[in-house]
Amino acid sequence: PPPPFGGAPPPPPVCVRLVVLPPARRLRLVPTPSSVRSGFYDVDLKETLTTSIVRTRTTLSVGDTMVAWMKGVRFEADVREGGGCVVDTDLEVEFGAAAAAAAPFDGAD
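Here's what the structure looks like:
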């Protein structure tokens with residue numbers, strides 16, 4: 002039989018650790034500058050983003066970027082506050098101000 006991994010050395014072992022996250026209760030999302038230029042505040046994205054969270058995510062953390070499409074336009078918003086498990090939870094989503102979106106994200110909020 003051929004050597005495993007095509008003759009390359011085997012990959013290093015992977016360590017997996019179970020972590021129980023608290024349920025997310027509140028998220029503050031801030032649109033990216035490109036989303037603001039695309040009209041983020043001109044459309045009602047709250048329901049679209051909330052639906053996207055429920056359908057595509059099990060967890061969210063500060064620094065994650067949510068993506069939603071509306072009428073063929075891609076909108077992105079960074080998670081700035083909150084986080085945790087979003088499965089089977091009552092989640093409150095609020096949006097940060099446009100001025101906050103213009104500053105580069107440094108993770109220090």
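Count along the sequence shown from 1, add 1, and you get the number used in our numbering.
Ideal placement from N, C-alpha and C gives every residue a C-beta, glycine not left out.
Check whether the Cβ atoms of Cys86 and Pro5 lie closer than 8 Å to each other. To locate residue 86, count along the sequence shown from 1; it is residue 85. To locate residue 5, count along the sequence shown from 1; it is residue 4. In terms of Cβ geometry, Cys86 and Pro5 do not form a close pair [threshold 8 Å].
With a floor of 3 residues, list each beta strand (DSSP E) that falls wholly inside the stretch 8 to 58, ordered by position along the chain. Restricting attention to beta strand (DSSP E) runs no shorter than 3 residues, the stretch 8 to 58 encloses them at 27 to 32, ordered along the chain.
Neighbour-count burial assignment, Ala104, 16 or more Cβ in a 10 Å radius: By 1-based counting over the sequence shown, the position of residue 104 is 103. Note that Ala104 scores a pLDDT of 48, beneath 50, so its modelled location is shaky and nothing firm can be said.
For Val44 and Gly64, what's the separation of their Cα atoms in angstroms? If you number the sequence shown from 1, residue 44 lands on position 43. If you number the sequence shown from 1, residue 64 lands on position 63. Straight through space, the alpha carbons of Gly64 and Val44 are spaced by roughly 23 Å.
Which residues bound the beta strand (DSSP E) around Asp79? On the sequence shown, residue 79 is found 78 positions in, with the first residue counted as 1. Residues 74 to 83.
Considering only C-alpha positions, which residue in the set Leu30, Val21, Pro13 is nearest to Glu93? Counted from its first residue, the sequence shown places residue 93 at position 92. Residue Leu30 is the option with its Cα nearest to Glu93.
Ala69: first and last residue of the uninterrupted beta strand (DSSP E) it sits in: What you label residue 69 is simply residue 68 of the sequence shown in a count that begins at 1. Looking at the DSSP string, the run of the beta strand (DSSP E) that includes Ala69 is 66 to 71.
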